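Each remark here refers to the structure printed beneath this line.
Number of protein chains: 4
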Amino acid sequence: MLPTVNLRPPFNITRASHVVLHASDLARSRDFYVKIVGLVVTEESDGECYLRGLSEACHHSLVLVQAKGEATCRRIGFRVMFEEDLDAAFAWFKAQGLPADWVEVPHQGRTLHVADPIGTPLELCAQMKTCERLYLKPERFTGAHAQRLDHFQTFAPDCRAACAFYGQLGFRNSEYLAHGDKLLGAFMYRKGTCLDLAIVENAGPKLHHFAYIVPESHHIFTACDLAGNFGYAEAIDRGPGRHGPGGMLYVYLRDPDGHRVELCDGHYQTIDIEIEPVRWDAASLSTNVRWGLPATERWYFEATAFEDTPTIPPTQMPKPQTLETYIQQRAAVKAA
Amino acid sequence: MLPTVNLRPPFNITRASHVVLHASDLARSRDFYVKIVGLVVTEESDGECYLRGLSEACHHSLVLVQAKGEATCRRIGFRVMFEEDLDAAFAWFKAQGLPADWVEVPHQGRTLHVADPIGTPLELCAQMKTCERLYLKPERFTGAHAQRLDHFQTFAPDCRAACAFYGQLGFRNSEYLAHGDKLLGAFMYRKGTCLDLAIVENAGPKLHHFAYIVPESHHIFTACDLAGNFGYAEAIDRGPGRHGPGGMLYVYLRDPDGHRVELCDGHYQTIDIEIEPVRWDAASLSTNVRWGLPATERWYFEATAFEDTPTIPPTQMPKPQTLETYIQQRAAVKAA
Amino acid sequence: MLPTVNLRPPFNITRASHVVLHASDLARSRDFYVKIVGLVVTEESDGECYLRGLSEACHHSLVLVQAKGEATCRRIGFRVMFEEDLDAAFAWFKAQGLPADWVEVPHQGRTLHVADPIGTPLELCAQMKTCERLYLKPERFTGAHAQRLDHFQTFAPDCRAACAFYGQLGFRNSEYLAHGDKLLGAFMYRKGTCLDLAIVENAGPKLHHFAYIVPESHHIFTACDLAGNFGYAEAIDRGPGRHGPGGMLYVYLRDPDGHRVELCDGHYQTIDIEIEPVRWDAASLSTNVRWGLPATERWYFEATAFEDTPTIPPTQMPKPQTLETYIQQRAAVKAA
Amino acid sequence: MLPTVNLRPPFNITRASHVVLHASDLARSRDFYVKIVGLVVTEESDGECYLRGLSEACHHSLVLVQAKGEATCRRIGFRVMFEEDLDAAFAWFKAQGLPADWVEVPHQGRTLHVADPIGTPLELCAQMKTCERLYLKPERFTGAHAQRLDHFQTFAPDCRAACAFYGQLGFRNSEYLAHGDKLLGAFMYRKGTCLDLAIVENAGPKLHHFAYIVPESHHIFTACDLAGNFGYAEAIDRGPGRHGPGGMLYVYLRDPDGHRVELCDGHYQTIDIEIEPVRWDAASLSTNVRWGLPATERWYFEATAFEDTPTIPPTQMPKPQTLETYIQQRAAVKAA
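Residue numbers (this note's numbering), protein chains in the order written: chain A, 605 to 940; chain B, 605 to 940; chain C, 605 to 940; chain D, 605 to 940.
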């Protein structure tokens with residue numbers, strides 16, 4: 605039931621690379637990502653802060669930009685393999701009638717701004733300034749020791765259409781969530797693990813979350829403890845828990861502007877083409893498929909808008925079992 | 605505000621030792637404790653199953669007894685240091701006008717059945733048959749690798765009175781929960797860690813839970829994963845989370861009969877008498893003091909009755925912030 | 605100083621896939637890999653046992669074959685992306701005057717046997733029968749919970765020549781070990797982590813070890829504990845320790861026939877082409893670059909021969925600092 | 605074969621409490637214990653630095669004193685339960701003809717200096733200034749997160765005599781090491797775990813090491829990584845490994861003055877008197893009983909002298925299998 609994937613795509617996107625977020629108070633947000641998530645500041649300048657995970661050699665996987673207005677997401681970035689992939693991408697997006705503009709971005713090589721058909725603002729580049737990997741310097745570790753950016757999850761008003769679009773670009777499906785013939789969630793990858801981009805049907809485009817990998821399961825608890833100690837107990841948006849699709853341990857945090865960041869442990873290797881995507885039936889899907897309480901309504905429905913990007917509602921809004929409806933149902937059962 | 609502790613008690617209780625529970629289906633309950641919690645079966649006979657943790661040298665810390673009627677808790681057991689402590693205990697309970705009876709219990713030395721003033725059935729012994737500690741035999745490990753029984757938590761209709769009673773027996777307070785002058789929870793120990801017996805004000809006597817120590821934080825997740833895989837996802841009663849009092853990581857599970865078992869990682873050392881008990885203010889206490897969602901109503905109010913033991917309500921029922929009330933409050937705030 | 609890497613190789617090898625080893629006692633070796641390493645048996649038949657890691661969806665990453673004579677390594681296997689890559693590989697090896705033969709291999713798609721210029725026997729295929737991933741079934745876990753095959757390390761008499769050969773096939777260098785202009789070790793990858801194939805200069809071709817990833821650092825200790833309990837304490841060949849190149853935690857075990865298997869935790873992500881390989885200077889290299897005692901002579905010099913494959917000595921044998929020479933030096937210093 | 609233990613000793617020593625060490629460079633040693641071991645500085649003054657573990661409520665478990673001459677150990681400290689235990693101890697030591705002197709020690713209550721029959725300088729007190737436990741403040745954590753002082757290991761020229769002496773004071777044996785009728789090592793405790801004081805037969809009195817508990821096994825690796833990064837790779841004296849007696853995971857480090865500190869994970873609960881001490885046969889004892897290489901000669905024979913305390917050789921020096929003799933034996937076997 606999944607759309608076709610082009611295994612020989614017109615250009616080679618290799619991985620989720622970085623996200624650019626507005627922050628209403630740059631210092632406060634930087635502290636959140638450094639002290640709780642465990643990112644390191646590569647460079648900080650007037651109105652911008654560049655951060656990376658402990659094992660990342662590239663200059664930034666998170667860019668915080670001082671917000672002037674609403675704290676939206678400016679762009680999500682992907683890497684391509686070669687410079688020539690950028691040219692091929694430019695041509696391809698133009699041929700589709702989609703936006704494609706060359707831009708200058710500090711610390712990155714040639715950079716291309718494009719958008720998918722629903723307007724999700726994407727940034728592609730083939731090179732970035734490099735830095736020392738710090739994953740073997742425990743004397744520098746803070747927070748939950750986030751290692752590297754892993755993936756994005758976005759909302760799209762038509763999950764199948766979005767999945768088909770990214771399938772043309774070579775994004776393959778590791779797992780997916782469906783109800784009958786209706787595709788509700790697509791877990792897609794380029795880099796040989798489960799995920800670079802997860803797309804869930806909901807009013808979009810929006811950024812539901814971006815995720816960093818932490819090295820071991822105990823770091824999930826460390827993130828929670830630090831969130832509590834630094835006044836972000838309420839910012840734990842969901843978890844800790846075990847994912848259904850993908851099966852990772854996770855916790856979701858909301859940063860000071862409400863942007864959602866997930867911390868999860870590593871996942872399995874994909875790569876081989878004979879392996880079938882794993883189907884999850886939405887009818888059986890609560891927030892925690894494997895164990896635990898369902899996610900709250902806010903986890904399901906709140907997400908970060910993209911800058912200057914209107915959102916489109918799906919033809920049918922998702923009706924997941926939330927914590928709120930679960931509690932009501934249990935009360936009703938008890939009363940009966 | 606805490607009742608006086610007798611640091612030279614009339615007899616020497618050394619630690620929480622074991623719990624005797626009725627099980628409506630012995631094999632099913634044994635499987636739960638072996639496959640999820642990770643206990644080992646020391647011995648199993650007609651209608652009884654004796655289990656212990658991986659690092660325990662004593663014959664049993666959990667006894668499952670085939671229930672004929674309701675699946676209650678028969679008794680909670682404590683160890684005393686010497687045989688003569690049993691005689692002193694007998695005399696002391698008799699002098700208080702409390703029950704005290706010598707009984708024969710398999711695999712234990714001389715055993716004394718006593719009860720506290722509200723009828724909590726206790727069992728004291730100074731010796732038990734010994735077995736091999738299995739904590740260095742990973743080839744034998746199952747479940748969440750529970751190491752040893754750590755503590756009990758009971759309900760008492762008057763927490764202060766119960767705390768005063770056990771204080772006479774030398775139980776010291778590591779931490780406690782109060783609202784103004786009202787004591788709501790007492791975390792008491794004999795063995796030099798935080799806990800052997802926690803007493804919470806509620807209709808009692810009842811057994812709220814008993815707790816086993818797991819070696820590392822990742823075992824908390826293992827317990828959840830196994831609970832999910834063996835059909836006990838709904839049996840995860842609370843957590844994983846981080847305690848306020850004591851500060852342990854925890855998860856609570858309900859066994860097939862609804863008996864609640866906690867798995868938690870280790871805790872700090874007490875012992876020294878100059879250290880003041882830590883006070884927690886109930887006004888600020890939600891289910892997870894440090895982070896996470898409040899506990900559900902069922903976690904606060906459901907507990908195992910003791911066999912043939914009527915319960916007494918407190919003068920005022922506790923009104924904790926539950927997950928249910930929290931969700932309602934949040935909905936109300938949002939609506940406003 | 606490294607040979608050129610062809611970033612657009614003639615065919616697309618995607619990853620290290622599997623290893624075929626002779627075992628003088630099949631049941632004993634299977635038990636070793638199941639009970640200590642933690643592999644699962646996918647299938648076992650007359651004289652052959654197919655095993656895989658817990659997160660592997662492919663039928664086998666280790667094949668044990670009942671040895672008739674010497675317990676050699678039959679082949680190391682790599683995956684290619686598409687069936688057509690096999691045809692391209694066939695043509696390419698033939699064009700180089702290297703062996704290339706189509707063979708039938710159970711549970712694999714079309715399979716190609718080739719050899720590199722020094723005779724290392726390689727096996728390529730694009731497809732394998734698939735199985736359930738078991739990484740979320742802790743009730744099935746044994747041993748050290750090995751997740752997936754990660755890489756091979758081979759000996760080659762001329763490391764630079766071997767590195768150049770695999771560079772033509774698109775293997776990139778994450779890190780390398782050199783002494784002045786002399787390349788002594790090349791850590792090469794295809795799959796976007798540090799390693800698929802490490803090549804060290806020594807009499808070869810030989811298989812120094814193959815490596816499985818374990819999920820967390822504590823599993824390294826579990827492997828040691830189980831090795832000890834099952835009578836393989838002497839089989840711990842090196843470690844636990846922290847690698848210099850790559851930086852992984854590791855332990856090396858020798859299986860019942862002396863084949864060496866490494867267990868290591870995960871490693872960093874490579875992928876991006878602007879990142880320079882990390883150079884290690886052999887002059888400063890002891891067995892454990894970061895901490896710990898040097899590796900023993902047997903770790904440096906013992907390796908598994910490939911079936912029917914003569915070995916060629918290097919022009920100059922390596923002279924690493926071994927535990928043996930280190931102990932001697934220390935004794936000499938003390939005596940002086 | 606073990607000497608009698610007095611289960612109702614003349615005064616109540618409760619636990620190993622603190623150690624006072626000379627440091628030739630106070631700042632360097634403080635950095636070692638803070639950045640690698642993970643202790644926190646409670647207070648630092650002219651020539652003295654007081655440190656404690658993360659979960660300790662008492663003012664200090666390690667006191668570093670600026671050395672004027674040789675960097676010896678000044679004293680090892682134990683806690684007693686009550687002030688009156690100090691008086692009983694004073695009387696008892698005097699009655700034995702052993703030294704006993706009241707002294708003033710900053711941050712401690714009344715303090716008694718005593719010595720055992722071979723001159724090991726001991727310090728007893730019943731109270732200490734208290735501080736905040738920091739074990740739930742990950743934002744303050746450094747190093748290997750050492751939680752609390754666990755035990756001392758000393759050398760005594762006659763292990764059996766020393767064991768008998770401490771047995772009179774109520775120290776019980778969890779495990780012991782013997783060769784035939786000869787006691788070579790006694791692992792003794794007061795606090796209900798395996799160890800407060802281990803005594804090994806060798807020229808003494810000397811302090812072989814003191815040990816801190818780390819929370820989880822991964823912290824053992826963190827200690828090694830930090831030791832390497834801070835220039836103390838050579839200071840890793842033994843391990844990581846798994847103990848025979850006690851069964852803990854461990855690593856031993858040498859501080860800048862060569863004082864040896866062990867980091868180990870937690871151990872099993874003792875307390876019950878019916879449990880027999882575990883015997884280890886020295887004939888089968890290598891450095892790592894369970895797995896790994898034997899310990900080096902320096903680990904076996906180097907130890908910290910006590911200040912102004914002459915050492916006495918044993919009647920027979922121990923002849924353990926060291927790494928050095930093991931390597932020689934293996935070379936001899938190979939040559940044969």
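Cβ coordinates follow ideal geometry from the N, Cα and C atoms, glycine included. Because the structure is a prediction, the values reported are computed rather than measured.
Work out the CA separation of residue j and residue i for me, nearest whole Å.
| i | j | result |
| --- | --- | --- |
| Tyr872 (chain D) | Met685 (chain C) | 52 Å |
| Ala940 (chain D) | His847 (chain C) | 34 Å |
| Ala699 (chain B) | His717 (chain B) | 15 Å |
| Gly642 (chain C) | His749 (chain C) | 5 Å |
| Leu668 (chain C) | His813 (chain C) | 15 Å |
| Ala827 (chain C) | Arg934 (chain D) | 24 Å |
| Pro849 (chain D) | Pro922 (chain A) | 59 Å |
| Met792 (chain D) | Thr724 (chain D) | 16 Å |
| Arg902 (chain B) | Arg619 (chain A) | 45 Å |
| Arg794 (chain D) | Ala704 (chain D) | 21 Å |
| Glu878 (chain D) | Leu781 (chain C) | 58 Å |
| Val865 (chain A) | Lys810 (chain A) | 14 Å |
| Ala831 (chain B) | Glu820 (chain B) | 18 Å |
| Gln932 (chain D) | Ile931 (chain C) | 10 Å |
Near residue i, which residues of its chain fall below 6 Å by C-beta distance, leaving aside the five closest residues on each side in sequence?
| i | result |
| --- | --- |
| Gly870 (chain C) | Ile817 |
| Asn892 (chain B) | In this predicted model, Asn892 (chain B) has a pLDDT of only 49, less than 50, meaning its place in the structure is not dependable; the value taken from the coordinates is given anyway. Taken in chain order, the residues that qualify are Gly845. |
| His626 (chain B) | Val669, Ala671, Ala675 and Thr676 |
Can you name, in chain order, every residue of its own chain whose Cβ lies under 8 Å from the Cβ of residue i, other than the five neighbours on each side?
| i | result |
| --- | --- |
| Glu687 (chain B) | Gly713, Arg714, Ala730 and Gln731 |
| Leu655 (chain B) | Arg634, Tyr637, Val638, Leu643, Val644, Val645, Thr646, His664, Ser665, Leu666, Val667 and Leu668 |
| Phe825 (chain D) | Pro844 |
| Leu773 (chain C) | Asn610, Pro613, Pro614, Phe615 and Ile617 |
| Arg842 (chain D) | Tyr854, Val855, Tyr856, Thr891, Ala899, Thr900 and Trp903 |
Contact check, residue i vs residue j under 8 Å by CB: the rounded distance?
| i | j | result |
| --- | --- | --- |
| Val624 (chain C) | Cys662 (chain C) | Contact doesn't hold; Cβ gap of about 14 Å is too wide. |
| Ser778 (chain A) | Leu799 (chain A) | 7 Å |
| Phe834 (chain C) | Ile617 (chain C) | Not confirmed; about 35 Å, so no contact. |
| Ile916 (chain A) | Gly808 (chain A) | 7 Å |
| Asp754 (chain B) | Cys868 (chain B) | 7 Å |
Can you tell me whether residue i is helix, strand or coil according to DSSP?
| i | result |
| --- | --- |
| Ser821 (chain A) | coil |
| Gln700 (chain B) | coil |
| Arg934 (chain A) | helix |
| Phe688 (chain D) | Looking at the sequence itself, residue 688 (chain D) is Glu, so the reference to Phe does not match. Of the three classes helix, strand and coil, the one that applies to Glu688 (chain D) here is helix, per DSSP. |
| Glu779 (chain D) | strand |
| Asp829 (chain B) | helix |
For residue i, collect the residues of the same chain with a Cβ closer than 7 Å to its Cβ; drop the 5 residues on either side in sequence, then sort them by chain order.
| i | result |
| --- | --- |
| Ser659 (chain B) | Arg737, Tyr739, Gln751 and Arg752 |
Is there a Cβ from chain F that is less than 8 Å from the Cβ of residue i?
| i | result |
| --- | --- |
| Ser665 (chain A) | You won't find chain F in this structure, because its protein chains are A, B, C and D. |
Item to check | the segment 818-834 of chain A: positions lying closer than 8 Å to chain D by Cβ | outcome: Answer set for the segment 818-834 of chain A: Glu820, His822, Thr826, Asp829, Leu830, Asn833 and Phe834.
Checklist entry - Relative to chain B, which residues along the segment 840-863 of chain A have a C-beta separation below 7 Å, given in chain order? => result From the segment 840-863 of chain A, only Ile840, Pro844, Arg846 and Leu853 have a Cβ closer than 7 Å to chain B.
Item to check | Near-chain D residues of the segment 724-735 of chain B - C-beta to any C-beta below 9 Å | outcome: Ala730, Gln731, Met732, Lys733 and Thr734
Checklist entry - Taking Cβ-Cβ distances below 8 Å as the criterion, which residues of the segment 871-882 of chain C are in contact with chain A? => result Taking 8 Å as the cut-off between beta carbons, the residues of the segment 871-882 of chain C near chain A are Tyr872, Gln873, Ile875, Asp876, Ile877, Glu878, Ile879 and Glu880, in sequence order.
Checklist entry - Of the residues that make up the segment 685-704 of chain C, which ones have a beta carbon closer than 9 Å to any beta carbon in chain B? => result Listed in sequence order: no entries.
Checklist entry - Listed in chain order, which residues of the segment 789-807 of chain B have Cβ atoms closer than 8 Å to some Cβ of chain D? => result Lys795 and Gly796
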